[in-house]
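Asker:
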Amino acid sequence: MGSGREASNDPTARTSGKMLLLLLLCSYHSVAARAADDAHRIHKVLAAASHTAEAVCSQPQVTPSSSSGATVRLSHRYGPCAPAPSTDEPTVAELLRRDQLRVEYVQGKYHGGNDELNQSKITVPTILGSALDTLEYVITVAIGSPAVTQNMMIDTGSDISWVHCSTPSGSILFDPVGSSTYAPFSCTSAPCTQLGVDGNGCSSSQCQYMVMYGDGSNTTGTYGSDTLALTDSETVTDFRFGCSHKEEGFDDKLDGLMGLGGGAESLVSQTAATYGEAFSYCLPATSRDSGFLTLGAPNTTSGFETTPMLRSEEVPTFFGVLLQDIAVGGNLLGISPTVFSAGSVMDSGTIITRLPPRAYSALSTAFKAGMRNYTSAPAVSLLDTCFDFTGLDSVSVPSVALVFDGGAVVDIVYDGIMIAVDDVTECLAFAAATRLSIIGNVQQRTFEVLHDVGQGVFGFRSDAC
């Protein structure tokens, strides 16, 4: 016991014990800090290293929230899940060029310098922002009696739906003469009058339409109605759509376009009496996965992050949201809400999200700080926050979350943060907006994005596909 008392009174021993305790505490806090930092990072095994990027369509793991609506499988336009696989997939540079055309057109249509989306009167574009080549997601439905399968692009920036009734290469021709339930509208009918700027006069007493696209391409033909089969058990009678007899400026192997905008002629508005004024979709993470489109609201919004929907009373095609801030690596950037006060269009057709310049600068700076252990890469077109992952099997990036009005926090998945531009280079999938900001489809991937027009609410449910 004497030796024990001597040891406890030894100053050197006491100092060593304190140092050991300090080292243990520092080690604990270091591990805890690393664990906390790791909790706000997203890990990704690179496709080139995992050898999983084979051209096969994975089994769809989709979980639509609505049990009472109509759900249709949704696929990427290119890749193995596409209903009509194409070998004409554009390069990233070409895709970004087309995307910029759409964005510039949408932003340029806001007249008089009024770039705000709110619940008062504004002027917004009523026609699609660029060529059809910017649209990436496809559903398969059937039109007519007997039913003819149609692979159609979806677009929340369009109201008028149409299919090819001429014979473009690779398309499944819909022949109205062969359908016992098809009927063209007369020139004095309410649907014809409702076309507004998309009306194109009369031909043989039949209503004509013309949809112009931002790059000068267009589709013209007869406006009529027929039976639309969404699934084997869900049909829409008297579905209004354009039968396109002439197209200029594009040559596409798909059969047409399904308008999901907020105008009176969109699929959503036409089916409101059956499914309500609501729809949702889940855009898959990659072209090797499938998602879904659902008409109808979920039975409950439990599991959704919700935020108010902004609309235009004057032209209701587009749906808007109000951002409040952005978080990177779990930390809010502290962007003033006034930066986002003009609102943002939620668009399925725009690819890369455009943010107000001050918001994008803050995001890029914080993201680069969280990527300081990786090699920077030169800018690629409008993408200027890029990294070279040469020789790496996996990477870890800071988490990114969008914070919306009302407190909704949407944690974006890896494939919504980064976009691969070649085999070794990936870039932050955001850019600075020149005018109105737009939430693009990259950031929407794997979420069920609910558009509840009747309730004026947007919802985001993670891991839906």
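Everything in the sequence shown is counted per our numbering, starting at 4 for the first residue and increasing by one.
For every residue, glycine included, the Cβ atom is placed at its ideal position computed from N, Cα and C.
These figures come from a predicted structure and were not determined experimentally.
Do the CB positions of D91 and M155 come within less than 8 Å of each other?
Answerer: Here residue 91 is taken as the residue at index 88 of the sequence shown, counted from 1. Here residue 155 is taken as the residue at index 152 of the sequence shown, counted from 1. Taking 8 Å as the Cβ cut-off, D91 and M155 do not qualify as a contacting pair.
Asker: Comparing alpha-carbon positions, which option in V416, T428, D328 and P86 lies nearest Q447?
Answerer: As a working mapping, residue 447 is identified with position 444 in the sequence shown. That would be V416, whose Cα lies nearest to the Cα of Q447.
Asker: Which of helix, strand or coil does DSSP assign to G409?
Answerer: Here the question's residue 409 lines up with position 406 in the sequence shown. In this structure, G409 counts as coil in the three-state DSSP scheme.
Asker: With C-beta atoms as the reference, is G147 less than 8 Å away from L298?
Answerer: Position 144 of the sequence shown holds residue 147. Position 295 of the sequence shown holds residue 298. No, Cβ-Cβ distance for G147 and L298 is not below 8 Å.
Asker: Could you give the first and the last residue of the continuous beta strand (DSSP E) run that contains G373?
Answerer: Locating residue 373 in the sequence shown gives position 370, counting from the first residue. First-last for G373: P360 to G373, but that is the alpha helix (DSSP H), not the beta strand (DSSP E).
Asker: Looking at C-alpha atoms only, which residue of L405, T234, D241 and C285 is the closest neighbour of P194?
Answerer: Start at 1 with the first residue of the sequence shown, and residue 194 comes out as number 191. When only C-alpha atoms are compared, the closest one is D241.
Asker: For L385, report the span of its beta strand (DSSP E) as first-last.
Answerer: Looking up residue 385 in the sequence shown gives position 382. Neither: L385 is in no beta strand (DSSP E) and is coded neither H nor E.
Asker: Does the distance from the CB of S418 to the CB of T289 come in under 8 Å?
Answerer: For this step, residue 418 is matched to residue 415 along the sequence shown. For this step, residue 289 is matched to residue 286 along the sequence shown. Correcting the residue identity first, residue 418 is Asp in this sequence and not Ser. Result yes, Cβ atoms of D418 and T289 sit closer than 8 Å.
Asker: Relative to the alpha-carbon of V106, which residue among V456, G443, G459 and S465 has its alpha-carbon at the smallest distance?
Answerer: As a position in the sequence shown, residue 106 is number 103, starting the count at 1. When only C-alpha atoms are compared, the closest one is G443.
Asker: Which first and last residues belong to the beta strand (DSSP E) in which S440 is found?
Answerer: Taking the sequence shown and counting its residues from 1, the one referred to as residue 440 is at position 437. Segment S440 to I442, the beta strand (DSSP E) holding S440.
Asker: Three-state secondary structure (DSSP) at Y81?
Answerer: Numbered from its first residue, the sequence shown carries residue 81 at position 78. DSSP places Y81 in coil when its eight states are reduced to three.
Asker: On the three-state DSSP scale, how would you describe Y185?
Answerer: Taking the sequence shown and counting its residues from 1, one reaches residue 185 at position 182. DSSP places Y185 in coil when its eight states are reduced to three.
Asker: Based on the DSSP output, what are the partners of C195 in its beta bridges?
Answerer: The sequence position of residue 195 within the sequence shown is 192, counting from 1. DSSP, once it has assigned bridges, lists no residue as partnering C195.
Asker: List the residues that DSSP assigns as beta-bridge partners of E92.
Answerer: Residue 92 sits at position 89 when you count from the first residue of the sequence shown. In DSSP, E92 forms no bridge with anything.
Asker: Would DSSP call F343 helix, strand or coil?
Answerer: As a working note, residue 343 is residue 340 in the sequence shown. If DSSP states are grouped into helix, strand and coil, F343 belongs with the helices.
Asker: Between S367 and L431, what straight-line distance do the alpha-carbon atoms span, to the nearest angstrom?
Answerer: Sequence index remark: in the sequence shown, residue 367 carries index 364 (1-based). Sequence index remark: in the sequence shown, residue 431 carries index 428 (1-based). C-alpha separation (whole angstroms): 8 Å.
Asker: Report the rounded CA-to-CA distance for G457 versus A281, giving the unit in angstroms.
Answerer: Within the sequence shown, the letter at position 454 stands for residue 457. Within the sequence shown, the letter at position 278 stands for residue 281. Distance between the alpha carbons of G457 and A281 is about 7 Å.
Asker: Span of the beta strand (DSSP E) holding G204?
Answerer: Within the sequence shown, numbered from 1, the residue matching residue 204 stands at position 201. It spans G202 to S206 - the beta strand (DSSP E) in which G204 sits, taken as one unbroken run.
Asker: Would you call V460 buried or exposed, if buried means 16 or more other Cβ atoms sit within 10 Å of its Cβ?
Answerer: On the sequence shown, residue 460 is found 457 positions in, with the first residue counted as 1. It counts as buried.
Asker: So for R464, helix, strand or coil by DSSP?
Answerer: On the sequence shown, residue 464 is found 461 positions in, with the first residue counted as 1. Three-state result, R464: strand.
Asker: Determine, using beta-carbon pairs with one atom in the segment 314–328 and one in the segment 342–360, whether at least three such pairs fall under 8 Å.
Answerer: Judged by Cβ distances under 8 Å, the segment 314–328 makes contact with the segment 342–360, as three or more pairs qualify.
Asker: Looking at the secondary structure, which residues open and close the alpha helix (DSSP H) in which V271 lies?
Answerer: As a working note, residue 271 is residue 268 in the sequence shown. Here the alpha helix (DSSP H) through V271 covers L270 to Q273.
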